Amino acid sequence: MTRWDEENCCALCFGCHQYLDSQPIEKVEFFKEWLGENNFNMLNSRVRQVHPKPDKNLLMIYYQSKIKALGKGTEASLREKIKQ
Ligand SMILES: [Zn+2]
């Protein structure tokens, strides 16, 4: 299962997302290039893995900490830009 897999995430604008969803072959090629062949293959191997089920509480803690770290990074870099 890759629904909550970090490797299965790519932030795209609405148009690019819609385009890739309508072009399955290009979508595969895009993700191979985006992740690299090895990471793509590893992600693909997890598609049918259903056990163990993901621990959603643990995922929430993990992603919340990543969001917090990104927020701090963004805020710090904004402060640096303001100082210049
Ligand atoms: Zn786009």
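Here our numbering is used: the first residue of the sequence shown is 2, the next is one more, and so on.
Think of the CB as a built atom: it goes at the ideal place given N, C-alpha and C, for glycine as much as any other residue.
If you're wondering where the values come from, they're calculated on a predicted model, not measured in any experiment.
query: Neighbourhood of residue 35 by C-beta, 7 Å cutoff - its chain only, sequence neighbours within 5 removed; result: 11
query: Chain C within 9 Å of residue 51, Cβ atoms only; result: As a matter of chain content, chain C is missing from the structure shown, which is built from one protein chain.
query: For residue 3 and residue 51, believed in contact at Cβ under 8 Å, the rounded distance; result: With 8 Å as the limit, residue 51 and residue 3 do not qualify as a contact, their Cβ atoms being about 11 Å apart.
query: Limits of the alpha helix (DSSP H) - the one that residue 47 falls within; result: 38-47
query: Bounding residues of the alpha helix (DSSP H) (the contiguous stretch that carries residue 18); result: 15-23
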